[in-house]
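Asks: Supplied in structure tokens, the structure appears directly below.
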Amino acid sequence: MGGIRHLWTVGVGLWAIALGGCMELLPAPTLPTPPAAQSQSLPPCVDDDCNCGDFRDRALAQQVLDAFEGDPFVLDQDGNGMACESLPDSAPPLDPTAPPSSSPHLALGNPSNAATANPNNLLIERSQYALSYNRDRGTANWVSWQLSDRWLGNTPRQDNFRQDGGLPAGFYQVTPNDYRGSGYDRGHMVPSGDRTASVSDNSATFLMTNIIPQAPDNNRGTWRELEEYARSLISEQRDRELIIIAGAYGTQNTLANGRVTIPSRLWKVIVLLDQPGAGVAGVSANSRIIAVDMPNTNDLSANWRDYQTSVDRIEVATGYDLLAPVPVAIQAELEARVSAE
Ligand code: MN
Ligand code: MN
Numbered sequence: 000m001g002g003i004r005h006l007w008t009v010g011v012g013l014w015a016i017a018l019g020g021c022m023e024l025l026p027a028p029t030l031p032t033p034p035a036a037q038s039q040s041l042p043p044c045v046d047d048d049c050n051c052g053d054f055r056d057r058a059l060a061q062q063v064l065d066a067f068e069g070d071p072f073v074l075d076q077d078g079n080g081m082a083c084e085s086l087p088d089s090a091p092p093l094d095p096t097a098p099p100s101s102s103p104h105l106a107l108g109n110p111s112n113a114a115t116a117n118p119n120n121l122l123i124e125r126s127q128y129a130l131s132y133n134r135d136r137g138t139a140n141w142v143s144w145q146l147s148d149r150w151l152g153n154t155p156r157q158d159n160f161r162q163d164g165g166l167p168a169g170f171y172q173v174t175p176n177d178y179r180g181s182g183y184d185r186g187h188m189v190p191s192g193d194r195t196a197s198v199s200d201n202s203a204t205f206l207m208t209n210i211i212p213q214a215p216d217n218n219r220g221t222w223r224e225l226e227e228y229a230r231s232l233i234s235e236q237r238d239r240e241l242i243i244i245a246g247a248y249g250t251q252n253t254l255a256n257g258r259v260t261i262p263s264r265l266w267k268v269i270v271l272l273d274q275p276g277a278g279v280a281g282v283s284a285n286s287r288i289i290a291v292d293m294p295n296t297n298d299l300s301a302n303w304r305d306y307q308t309s310v311d312r313i314e315v316a317t318g319y320d321l322l323a324p325v326p327v328a329i330q331a332e333l334e335a336r337v338s339a340e
């Protein structure tokens, strides 16, 4: 148990030793807060939970380095003015627009244009959800699903974690045992509790393509509370419909000899449709929307509301275009808003 966490602790310990000589003479650094408008457009490092693994490319890390005087996040370890030089310079361009889908789970779009050509942006559509799978990370990039009364019933949790035999030939099929002893939970993207209308619906959430390595306190605490909050929106008014898109990015470590990446950040966008069943036409500038982006760690706030953010900021961090089918003017208004539940 706890192998990865142990390694991480050793790593931090070495850092402390390496820095100890100069750090003990200096007062603890205070982190400057950027102007609100600026932090909204900045990539993830706007709080003290930050390192190079939070960024998908060097250009994003450089934006943060340039925005904070004195490099409080230690993104420029060799002091040459360049942030996180081990990251790729810039993210690869988004894949070409994917063919349209009639899946209700993709009513608010396919954020990365997932399709069949790119093994690291492979579209998997099931009757229960749709996702973009990343072969090299061994996890989904994002998962999108509809949540309404129609998906909720009395089926008990099946707990049948298993490899996804539906992956293309040549893909490594992640197994439940790959997470064993890592200190990370097998965390659902589509929660088991969102698919309780039938045994087959619930079982679909236990395929390992719907699972990410998730810090236990995040999975069982903060993230679970948000999952329950989303379901409570349905239980308080049974004719509602939500579209939920959740994903992971950044790298803090790997499992299973590098076959599974442990993401450093988890995000989720929940849209409450004004008109259930109307698809994208059910979205207006006044639609209720919840967006969060949180660290995949144990030392996080128990309150998911502390991690509310804007869709714009998630788009900066991930490079995706969320809510793309929504008319541009409405999209701009919705995406700039920081949810305040
Ligand atoms: Mn979970
Ligand atoms: Mn967008």
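Under numbering that gives the first Met the number 0, the residues of the sequence shown are numbered 0 to 340, in order. For every residue, glycine included, the Cβ atom is placed at its ideal position computed from N, Cα and C.
Count the CB pairs spanning the segment 44-64 and the segment 77-90 that are closer than 8 angstroms, and state whether there are at least three.
Replies: yes
Asks: Tell me which same chain residues have a C-beta within less than 7 angstroms of the C-beta of Val270, skipping the five on either side of it?
Replies: The residue you call residue 270 lines up with position 271 of the sequence shown. Contacts found: Leu107, Leu241, Ile242, Val282, Ser286, Ile288.
Asks: Below 8 angstroms, how does it come out for the segment 155-162 and the segment 114-134: are there three or more Cβ pairs, yes or no?
Replies: The answer is no - the segment 114-134 does not touch the segment 155-162, with fewer than three Cβ pairs under 8 angstroms.
Asks: How about Gly137 and Thr260: are their beta carbons less than 8 angstroms apart?
Replies: By one-based count along the sequence shown, residue 137 stands at place 138. By one-based count along the sequence shown, residue 260 stands at place 261. Contact: yes.
Asks: Which value, in whole angstroms, describes the spacing of the CA atoms of Gly220 and Tyr306?
Replies: Mapped onto the sequence shown, residue 220 falls at position 221. Mapped onto the sequence shown, residue 306 falls at position 307. Gly220 and Tyr306: Cα-Cα distance of roughly 13 angstroms.
Asks: Straight-line CA distance for Trp222 to Thr115?
Replies: Counted from its first residue, the sequence shown places residue 222 at position 223. Counted from its first residue, the sequence shown places residue 115 at position 116. For Trp222 and Thr115, the distance between alpha carbons rounds to 30 angstroms.
Asks: Which one or two residues does DSSP pair with Gly246 in a beta bridge?
Replies: The residue given as residue 246 occupies position 247 in the sequence shown. According to DSSP, which records beta bridges pairwise, Gly246 is partnered with Trp141, Trp266.
Asks: Could you tell me the alpha carbon to alpha carbon distance between Arg237 and Pro324, rounded to whole angstroms?
Replies: Taking the first residue of the sequence shown as 1, we reach residue 237 at position 238. Taking the first residue of the sequence shown as 1, we reach residue 324 at position 325. The straight-line gap from Cα to Cα measures roughly 26 angstroms.
Asks: Below 6 angstroms CB to CB, which residues in the same chain sit around Gln274 once its five sequence neighbours on both sides are set aside?
Replies: Here residue 274 refers to the residue found at position 275 of the sequence shown. Taking C-beta separations shorter than 6 angstroms and ignoring five residues to either side along the sequence, the partners of Gln274 in its chain run Gly281, following chain order.
Asks: Exposed or buried, Pro155, counting other C-beta atoms within 10 Å across all chains shown (16 or more means buried)?
Replies: Taking the first residue of the sequence shown as 1, we reach residue 155 at position 156. So Pro155 ends up on the exposed side.
Asks: Look up Glu124 in the DSSP assignment and say whether it is helix, strand or coil.
Replies: Taking the first residue of the sequence shown as 1, we reach residue 124 at position 125. When DSSP states are grouped into helix, strand and coil, Glu124 belongs to the strand group.
Asks: Should Val337 and Ser309 be called a contact, given that it needs their Cβ atoms to be closer than 8 angstroms?
Replies: Indexing the sequence shown from 1 puts residue 337 at position 338. Indexing the sequence shown from 1 puts residue 309 at position 310. Their beta carbons are under 8 angstroms apart, which means Val337 touches Ser309 by this criterion.
Asks: Our contact map puts Tyr248 next to Thr317 with C-beta atoms below 8 angstroms; I'd like the distance itself, whole angstroms only.
Replies: What you label residue 248 is simply residue 249 of the sequence shown in a count that begins at 1. What you label residue 317 is simply residue 318 of the sequence shown in a count that begins at 1. So it is a contact: roughly 5 angstroms between Cβ atoms.
Asks: Would you say the beta carbon of Ala113 comes nearer than 7 angstroms to a heavy atom of ligand 2?
Replies: Here residue 113 refers to the residue found at position 114 of the sequence shown. No, since every heavy atom of ligand 2 falls outside the 7 angstroms radius drawn around the Cβ of Ala113.
Asks: At a cut-off of 7 angstroms, is Gln330 close to ligand 2 when judged by its beta-carbon and the heavy atoms of the ligand?
Replies: Locating residue 330 in the sequence shown gives position 331, counting from the first residue. Indeed, a heavy atom of ligand 2 lies less than 7 angstroms from the Cβ.
Asks: Just to confirm the assignment, what range does the beta strand (DSSP E) spanning Thr253 have?
Replies: Residue numbering aside, residue 253 sits at position 254 when the sequence shown is read from its first letter. Element bounds for Thr253: 252-254.
Asks: Does at least one heavy atom of ligand 1 sit under 7 angstroms from the Cβ of Trp266?
Replies: Here residue 266 is taken as the residue at index 267 of the sequence shown, counted from 1. No, the Cβ of Trp266 stays beyond 7 angstroms of every heavy atom of ligand 1.
Asks: Need the endpoints of the alpha helix (DSSP H) that Ser317 sits in, please.
Replies: Sequence index remark: in the sequence shown, residue 317 carries index 318 (1-based). Going by the sequence as given, residue 317 is Thr instead of Ser. Per DSSP, Thr317 belongs to the alpha helix (DSSP H) from 310-317.
Asks: Can you check the segment 161-226 for any alpha helix (DSSP H) of at least 4 residues that lies completely inside it and give the ranges in chain order?
Replies: Here the runs fully enclosed are 198-203.
Asks: Looking only at C-alpha atoms, which of Tyr228, Arg179, Thr253 sits nearest to Gly192?
Replies: Within the sequence shown, the letter at position 193 stands for residue 192. Of Tyr228, Arg179, Thr253, the residue nearest in Cα terms is Tyr228.
Asks: If you run the structure through DSSP and keep just helix, strand and coil, what is Arg287?
Replies: Along the sequence shown, one-based indexing puts residue 287 at 288. Strand, per DSSP.
Asks: Distance, Cα to Cα, Pro26 vs Leu41?
Replies: Taking the first residue of the sequence shown as position 1, residue 26 is located at position 27. Taking the first residue of the sequence shown as position 1, residue 41 is located at position 42. Since pLDDT at Pro26 reaches only 47, below the 50 mark, its modelled position is unreliable, and the value read off the structure follows with that caveat. Computed Cα separation, rounded: 27 angstroms.
Asks: DSSP on Ala106, reduced to helix/strand/coil?
Replies: As a first step, residue 106 must be located in the sequence shown, where it is residue number 107. It is coil, neither helix nor strand.
Asks: Check each candidate in Asn252, Tyr183, Arg194, Asn140 and name the one with the smallest Cα separation from Asn153.
Replies: Here the question's residue 153 lines up with position 154 in the sequence shown. Nearest C-alpha to Asn153: Arg194.
Asks: List the endpoints of the continuous beta strand (DSSP E) containing Val259.
Replies: Counting from 1 along the sequence shown, the entry for residue 259 is found at position 260. Counting along the chain, the beta strand (DSSP E) containing Val259 begins and ends at 259-261.
Asks: Rounded to whole angstroms, what is the Cα-Cα separation between Val189 and Gly78?
Replies: Residue numbering aside, residue 189 sits at position 190 when the sequence shown is read from its first letter. Residue numbering aside, residue 78 sits at position 79 when the sequence shown is read from its first letter. In a straight line, the C-alpha of Val189 is about 42 angstroms away from that of Gly78.
Asks: What is the C-beta distance between Pro92 and Asp320, in whole angstroms, given that I count them as a contact (C-beta under 8 angstroms)?
Replies: The sequence position of residue 92 within the sequence shown is 93, counting from 1. The sequence position of residue 320 within the sequence shown is 321, counting from 1. Rounded, the Cβ-Cβ distance is 12 angstroms, inconsistent with contact.
Asks: Determine the direct distance from the alpha carbon of Tyr183 to that of Ser147, and round the result to whole angstroms.
Replies: As a position in the sequence shown, residue 147 is number 148, starting the count at 1. As a position in the sequence shown, residue 183 is number 184, starting the count at 1. In a straight line, the C-alpha of Ser147 is about 30 angstroms away from that of Tyr183.
Asks: Along the chain, where does the beta strand (DSSP E) that runs through Ala129 open and close?
Replies: Walking along the sequence shown from the start, residue 129 turns up at place 130. Counting along the chain, the beta strand (DSSP E) containing Ala129 begins and ends at 129-133.
Asks: Taking the alpha helix (DSSP H) that Asp65 belongs to, which residues open and close that run?
Replies: Working through the sequence shown from its first residue, we reach residue 65 at position 66. Taken as a continuous stretch (DSSP letters only), the alpha helix (DSSP H) holding Asp65 covers 57-66.
Asks: Confirm the yes/no value for this check: CB of Glu334, any heavy atom of ligand 2, distance under 7 angstroms.
Replies: The residue given as residue 334 occupies position 335 in the sequence shown. In this structure, Glu334 has its beta carbon less than 7 angstroms from a heavy atom of ligand 2.
Asks: Nearest by alpha-carbon distance to Gly164: which of Ser197, Val73, Thr208 is it?
Replies: For the purposes of this step, residue 164 is identified with residue 165 of the sequence shown, where counting begins at 1. Comparing Cα-Cα distances from Gly164 to each of Ser197, Val73, Thr208, the minimum goes to Thr208.
Asks: Does the Cβ of Ala316 lie closer than 7 angstroms to at least one heavy atom of ligand 2?
Replies: Within the sequence shown, numbered from 1, the residue matching residue 316 stands at position 317. Remark: the shortest separation between the CB of Ala316 and any heavy atom of ligand 2 does not fall under 7 angstroms.
Asks: Out of Ala129, Phe72, Ala90, which one is the CA nearest neighbour of Pro99?
Replies: Your numbering for residue 99 matches position 100 in the sequence shown. Nearest option by C-alpha distance: Ala129.
Asks: Rounding to the nearest angstrom, what Cα-Cα distance links Glu334 and Ala290 in this structure?
Replies: The residue you call residue 334 lines up with position 335 of the sequence shown. The residue you call residue 290 lines up with position 291 of the sequence shown. Looking at the backbone, the Cα of Glu334 and that of Ala290 are separated by about 9 angstroms.
Asks: For the candidate residues Ser199, Ala113, Ala245, Glu235, whose alpha-carbon lies nearest to that of Ile210?
Replies: Position 211 of the sequence shown, counting from 1, holds the residue named residue 210. Comparing Cα positions, the closest option is Ala245.
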